[in-house]
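Written out below as structure tokens is the structure these notes cover.
In full-length UniProt numbering, the protein residues as written are 1 to 333.
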């Protein structure tokens, strides 16, 4: 039997005539890995899928080795959504709902996460090899702008990018029970600075600025013709040719080698052991006395780590602390 599934793909492209870049992403296997580990209401699945597509799009443009963590903190029935994307586009995601959550199939973003106006969106950039004293960068914005509540995660992200990076950004995101997909267009500062200058440092001529705006406006207008069902059904290559055929024909669009998003959870027994050590011996012994063992469940992948009394004693032994050795391997799906 022939495998007809389409590989998960992120396609980057750049307009040669102006500082405008774009990306298209379509994830099927990666998204299914997330859905297969959780059971969420349909509106939550759609929102989490859109966040996964957005995280891949933003992460692919970062010039650092580490993790991009996208978080939506809610005050409604959805308390938190988290997507993590590493530099190699390995991804994981999870959501946390209120215990008494009742979410209608047509629930809006505001109804799910901003019911009382206290919802927040955050992006954290966490370098893998931080220097001593170096902290992760985090930007936080409310789920509203000067005109009122923001209606979609794409609007929230556009607001975030304008507020934090001063970059004009447009996003189109879609997700269903099979695919998570999206497109990003971004107008970059001319020649790497916020001032509009040319290669020699002189201000750009007015006609050059006008050409940049024309290219940007035209790209956004073409992007606006993209429908959600097309994002979900078509490959990035097909959409690129459909939307920007004239630029491709005129060799005005630089298309890069496609990248491959994939699911990967970075949880591990040594990491869990380190977390338990940070809680302190007294607290761990209290849990052992009450429950007989310590059990940690990974919210992302569902893996369960169990530490019995012997394992926990080893956590606080001088040898274990000195060597960082792991306790006995009790872990379950």
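All C-beta atoms, glycine included, are put in the ideal place defined by N, C-alpha and C.
| Asked | Found |
| --- | --- |
| Beta bridge counterpart(s) of residue 228 as assigned by DSSP | Residue 228 is not bridged to any residue. |
| Where residue 33 sits in the DSSP three-state scheme | helix |
| Secondary structure of residue 305, DSSP reduced to three states | strand |
| Top-ranked residue by Cα proximity to residue 74, from 59, 110, 281 | 110 |
| Residue 317 versus residue 269 - alpha carbon distance | 17 Å |
| Simplified DSSP state of residue 63, which is helix, strand or coil | coil |
| Three-state secondary structure (DSSP) of residue 262 | strand |
| Cross-strand partners of residue 121 (DSSP beta bridge) | 72, 141 |
| Spatial neighbours of residue 140 in its chain, beta-carbon cut-off 6 Å, leaving aside the 5 residues before and after | 120, 122 |
| Nearest to residue 72 (by Cα), restricted to the options 232, 9, 143 | 143 |
| Range of the contiguous alpha helix (DSSP H) that encloses residue 109 | 109-113 |
| DSSP bridge partner residues for residue 297 (one or two, in chain order) | 304 |
| DSSP bridge partner residues for residue 91 (one or two, in chain order) | 85, 263 |
| Cβ shell of residue 157 (< 6 Å), same chain only, five flanking positions each side left out | 54, 171 |
| Cβ-based burial, residue 215 [other Cβ within 10 Å; buried from 16] | buried |
| Helix, strand or coil at residue 135 [DSSP, three-state] | coil |
| Host beta strand (DSSP E) of residue 12 (start-end) | 9-15 |
| Residue burial classification, residue 247 (beta-carbon count within 10 angstroms, cutoff 16) | buried |
| Proximity test, residue 10 beta-carbon vs the ligand HEM heavy atom, cut-off 8 Å | The ligand HEM is absent from the structure shown, which contains no ligand whatsoever. |
| Whole-Å CB distance - residue 8 paired with residue 260, under 8 Å assumed | 6 Å |
| Span of the alpha helix (DSSP H) around residue 239 | 236-243 |
| Rounded straight-line distance, which links the Cα of residue 56 to that of residue 192 | In this prediction, residue 192 has a pLDDT of 43, which is less than 50 and means its spatial position is unreliable; what the coordinates show is noted afterwards. Using only the alpha carbons, I get a separation of about 23 Å. |
| Residue of 279, 48, 255, 262 minimising C-alpha distance to residue 86 | 262 |
| 8 Å contact criterion, which residue 92 and residue 99 should meet: CB distance rounded | That pair is no contact at about 23 Å. |
| Rounded straight-line distance, which links the Cα of residue 159 to that of residue 303 | 36 Å |
| DSSP-derived helix/strand/coil call for residue 20 | strand |
| Given residue 58 as reference, the closest of 167, 44, 177 once Cα atoms are compared | 167 |
| Burial state of residue 61, where buried means 16 or more other Cβ atoms lie within 10 Å | exposed |
| Residue 287 to residue 267 span [Cα, whole Å] | 22 Å |
| Backbone CA spacing between residue 283 and residue 80 [nearest angstrom] | 26 Å |
| Residue 188 beta carbon less than 9 Å from that of residue 222 | no |
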